[in-house]
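Below, the structure written as structure tokens:
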């Protein structure tokens, strides 16, 4: 076995060539990629959720692989409309590569490339499987969540001192609290996207105190720094990341010592797997309404609620993702479970995870997240609806879904004002003349496609910024 690419993988785990055992028992953390040669064939392995991107390209005499898309793009490559639509709609190039000449290994797959003609054979594909609940009582579920969460952390800890993206919310706080219980030293890093006046600072400091972090680095992002951070975003990510949150994360990597860490933890994926993102529960509940009412919320209307969710979330730039059928296999999932899976594999986790993990992956720093553990995810997919429901006047349908089980767990350690607040790394726009000027410079068309939504325009601007530096695709954004 000759390794060609290795990100967080133990070759000993596949010495017996039992790929089912690899994905279903030996590795459940869903953050790894591995490429190797053996007996004249090339094998490529990508984790369950596709958290680590794995791109490939045919070159004279063989294949080239990378976790950084920009490494594989060459002069003369043609821009893929499907790839650009996916990037503008969902903020990530992990779904479809940006250019026609580059391929991508699917999530949870093992591919074998033949040496003679380059044909590709799929040797294994992981199918997500909701786990049965031993008890339907809320406290029993929360107790089991705690067991799975601690197990997920134990599986991925590789260093005595780690970095932690620390927000003013509960997901990163729980990671820090349990890491400290396990004796790990923590250097915390917080982005304050509203500058020195950001409310995120107060709540991140509450979290830092509750955890007992060993150091806490704050990066206050002011609006006059947007353009400089945007210009170096391709350098920080080495891939076309398409969410405005990337401005704040770029600033964090530029202005703090996070790049010196050997392992960086982050919290993301609780909302997608609990179907508590707004677009998820709106499309789920709207699917129960008559068509004439449904059209007030989602247009166009598809028979499958998860397709309505994808269309709604991407402004109809991408209305389906056929590889989801491979993720599910022959298993029959409920509409709510399918919306959760669509969010984890397409709509939210690819971009929301990439914005935090890719700067580390690009630098061969270990990126870790216990909320990507498949045992935890598959258990959460089965949590009854009654333990997620929340009545609210802020929802158009007067009802919402919530990650209640994680809030109950967090309430054991954190004050109520923090546990139940809405937070995020949201970058403020339309705030002053500088941010309005920034928005005005973003493209409004790409490959002839009109684009109006801010995130789509920002994603197109990242590609245009990188391509302009190389004299490529200048007419694609006119």
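In this note's numbering, the protein residues as written are 1299 to 1776.
By construction, the Cβ of each residue, glycine as well, lies at the ideal position given by its N, Cα and C atoms.
- Of the candidates 1306, 1300, 1299 and 1301, 1306 places its Cα closest to the Cα of residue 1662.
- Look at residue 1485 here: in three-state DSSP terms it is strand.
- Contact between the stretch 1408-1422 and the stretch 1611-1620 is absent, with fewer than three C-beta pairs closer than 8 angstroms.
- Excluding five sequence positions before and after residue 1717, the CB atoms of its chain that fall closer than 7 angstroms to its own CB belong to 1468, 1705, 1708 and 1709, given in chain order.
- Judged by their CB atoms, residue 1333 and residue 1367 are not nearer to each other than the 7 angstroms cut-off.
- For residue 1619, the three-state secondary structure derived from DSSP is coil.
- DSSP places residue 1300 in the strand class (E or B) of the three-state scheme.
- Under DSSP, residue 1333 shares a beta bridge with 1303 and 1342.
- With a cut-off of 8 angstroms on Cβ pairs, the stretch 1482-1494 is in contact with the stretch 1508-1526, counting three or more such pairs.
- For the pair residue 1686 and residue 1699, the CB atoms are nearer than the 7 angstroms cut-off.
- Judged by pairs of C-beta atoms under 8 angstroms, the stretch 1417-1426 touches the stretch 1619-1629, as three or more such pairs exist.
- Collapsing the DSSP output to three states places residue 1518 in a strand.
- Under the Cβ criterion (8 angstroms, minimum of three pairs), the stretch 1498-1518 counts as touching the stretch 1460-1477.
- Two segments are said to touch when three or more pairs of C-beta atoms, one from each, lie closer than 8 angstroms; by this definition the stretch 1539-1547 does not touch the stretch 1562-1580.
- A Cβ-Cβ contact shorter than 7 angstroms links residue 1566 with residue 1651.
- If you draw a straight line from the Cα of residue 1309 to the Cα of residue 1407, it comes to about 16 angstroms.
- If you draw a straight line from the Cα of residue 1743 to the Cα of residue 1360, it comes to about 37 angstroms.
- Around the CB of residue 1636, 16 or more other CB atoms lie within 10 Å, so the residue is classed as buried.
- Between residue 1329 and residue 1349, the C-beta gap is smaller than 7 angstroms, which places the two residues in contact.
- As the crow flies, the alpha-carbon of residue 1393 is around 38 angstroms from that of residue 1713.
- Here the alpha carbon of residue 1444 sits roughly 27 angstroms from the alpha carbon of residue 1690.
- Restricting attention to 1434, 1732 and 1458, the CA atom closest to the CA of residue 1484 is found in 1458.
- Taking a contact to require three or more Cβ pairs closer than 8 angstroms, the stretch 1644-1658 and the stretch 1559-1575 qualify as touching.
- The Cβ atoms of residue 1454 and residue 1345 lie no closer than 7 angstroms to each other.
- Looking at the DSSP output, residue 1731 shares a beta bridge with no other residue.
- The beta carbons of residue 1324 and residue 1311 sit about 5 angstroms from each other, so the pair counts as a contact at 8 angstroms.
- Judged by beta-carbon spacing, residue 1375 lies within the 7 angstroms limit of residue 1397, meaning their Cβ atoms are closer than that value.
- Residue 1605: member of the alpha helix (DSSP H) spanning 1603-1611, first to last residue.
- By DSSP's assignment, residue 1666 forms a beta bridge with 1563.
- Taking every protein chain shown into account, the CB of residue 1339 has fewer than 16 other CB atoms within 10 angstroms, so this residue is exposed.
- Around residue 1475, the same chain offers 1508, 1509 and 1711 as residues with beta carbons nearer than 7 angstroms, after the five sequence neighbours per side are excluded.
- The three-state secondary structure of residue 1419, taken from DSSP, is strand.
- For residue 1463, the enclosing beta strand (DSSP E) stretches over residues 1459-1463.
- Boundaries of the alpha helix (DSSP H) harbouring residue 1706: 1702-1708, taken from the DSSP string.
- Residue environment for residue 1561: buried (at least 16 other C-beta atoms within 10 angstroms of its C-beta).
- For the set 1537, 1754, 1442 and 1384, the Cα lying nearest the Cα of residue 1765 is the one of 1537.
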